[in-house]
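A.B. asks: Chains as they are written, first to last, in our numbering: chain S, 1 to 110; chain L, 111 to 226.
Mind having a look at this structure? Questions to follow.
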Amino acid sequence: TQLLEQSPQFLSIQEGENLTVYCNSSSVFSSLQWYRQEPGEGPVLLVTVVTGGEVKKLKRLTFQFGDARKDSSLHITAAQPGDTGLYLCAGEFGNEKLTFGTGTRLTIIP
Amino acid sequence: EAQVTQNPRYLITVTGKKLTVTCSQNMNHEYMSWYRQDPGLGLRQIYYSMNVEVTDKGDVPEGYKVSRKEKRNFPLILESPSPNQTSLYFCASVQGVGGFGTYEQYFGPGTRLTVT
């Protein structure tokens, strides 16, 4: 069973600060996705990355896929209270199934 | 509007009383999946279905059944629920994209189940 480790588990920062969260695996991903989940709701897909070294931007969010396709990071610039939520990475290992990390719970303090 | 619906959203039941959680999608996806989410364990796949009449076990299938008689519906059945099945359940409708074998998941709103 492939494992995805996300760090940190919890992060609480002030509005306006920058932050980075990480997703790591010992196995190579065929693709990797990031989701955000808010309380009482299902996860919502933010981005999919498939190519080693790929960088994708979604407004203030920057997603990077490691060159070796074993790790990924999510960087948020000038965090806002609306960014609060559980951030999940999910990796595909070529078997048509997604394996989810346990998530980073982010709180942005106004 | 593209969506995945689940019912019920909340359910409290007793050990051994059979229950069904329904899931329906309007995106014409062939692939659907069920997950449970538990603190510290993340989302774990229970069952998935790549097409009508095709279902496969995920990582934690014990105690669950599914059926896929039509494309839009994928119900989750607990024949004899036990307290260790108390959890938050999500149905997902899955779209293959890009020709890379990449599957993007669209989740329902969740069903919070408590078994006493």
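Think of the CB as a built atom: it goes at the ideal place given N, C-alpha and C, for glycine as much as any other residue.
1. Could you give the distance in angstroms between the alpha-carbon of L/Gly173 and the alpha-carbon of L/Glu189?
2. Less than 8 angstroms between the CB atoms is what I'm expecting for L/Met142 and L/Ser203, so what's the real figure, rounded?
3. Counting only Cβ-Cβ distances shorter than 8 angstroms, please list the residues of the region 148–166 of chain L near chain S, keeping chain order.
4. In the DSSP output, which residue or residues are listed as bridge partners for S/Asp67?
5. If we count the other Cβ atoms within 10 Å of its Cβ and call it buried at 16 or more, is S/Pro43 buried or exposed?
6. Closest to L/Val164 by C-alpha separation, out of L/Gly150, L/Leu153, L/Lys181, L/Val170, would be which residue?
7. Between the Cα of L/Asn138 and the Cα atoms of L/Gln155, L/Met160, L/Ile122, which residue gives the shortest distance?
8. Are the CB atoms of S/Val21 and S/Ala68 nearer to each other than 8 angstroms?
9. Which class does L/Asp302 belong to by DSSP, given the choice of helix, strand or coil?
10. Using a Cβ-Cβ cut-off of less than 8 angstroms, give me the residues of the region 38–50 of chain S that come near chain L, in sequence order.
11. From L/Leu121 to S/Gly53, what distance separates their C-alpha atoms?
12. Using alpha carbons as the reference points, say which of S/Pro110, S/Ala79, S/Leu32 lies closest to S/Glu5.
13. CB-CB under 6 angstroms to S/Pro110, same chain, minus the five flanking residues each way: which ones, in chain order?
14. Interface residues of chain S around L/Thr132 at Cβ under 7 angstroms?
15. Rank S/Gly103, S/Ile76, S/Lys70 by C-alpha distance to the C-alpha of S/Lys59 and give the top, closest one.
16. Is there a Cβ of chain S sitting closer than 8 angstroms to that of L/Gln113, yes or no?
17. Below 7 angstroms on C-beta distance, what does L/Gln215 contact in chain S?
18. Here's a check: name, in chain order, each residue in its chain whose Cβ is nearer than 6 angstroms to the Cβ of S/Leu86, leaving out the five neighbours to either side.
19. L/Val176 and L/Leu186 - do their beta-carbons sit closer together than 8 angstroms?
C.D. replies: Checking against the coordinates, here is how it stands:
1. Whole-angstrom Cα-Cα distance: 7 angstroms.
2. About 5 angstroms separates the beta carbons of L/Met142 and L/Ser203, which is inside the 8 angstroms limit, making them a contact pair.
3. Here the close residues are Gly150, Leu151, Gly152, Leu153, Arg154, Gln155, Tyr158, Met160.
4. DSSP output for S/Asp67 lists no bridge partner at all.
5. Buried: at least 16 other Cβ atoms inside 10 Å.
6. Looking at the Cα atoms, L/Lys181 is the closest of the given residues.
7. L/Met160 is the residue among L/Gln155, L/Met160, L/Ile122 whose C-alpha sits nearest the C-alpha of L/Asn138.
8. No Cβ-Cβ contact shorter than 8 angstroms links S/Val21 with S/Ala68.
9. A query on residue 302 of chain L cannot be resolved here, the shown segment of chain L reaching from 111 to 226 and no further.
10. Listed in sequence order: Gly40, Glu41, Gly42, Pro43, Val44, Leu45, Thr48, Val50.
11. A straight-line Cα-Cα distance of about 44 angstroms links L/Leu121 and S/Gly53.
12. Comparing alpha-carbon positions, the option among S/Pro110, S/Ala79, S/Leu32 lying closest to S/Glu5 turns out to be S/Leu32.
13. Once the five neighbours on either side are set aside, the close Cβ partners of S/Pro110 are Glu15, Pro81.
14. Ordered by position in chain S, no residue passes the 7 angstroms Cβ test against L/Thr132, which lies about 15 angstroms from the chain.
15. Closest by alpha carbon: S/Ile76.
16. It does not: the Cβ of L/Gln113 has no partner Cβ on chain S nearer than 8 angstroms.
17. Chain S residues near L/Gln215: Leu45, Leu98.
18. Closer than 6 angstroms at Cβ, skipping near neighbours: Gln37, Gly103, Arg105.
19. Yes, they are a contact pair.
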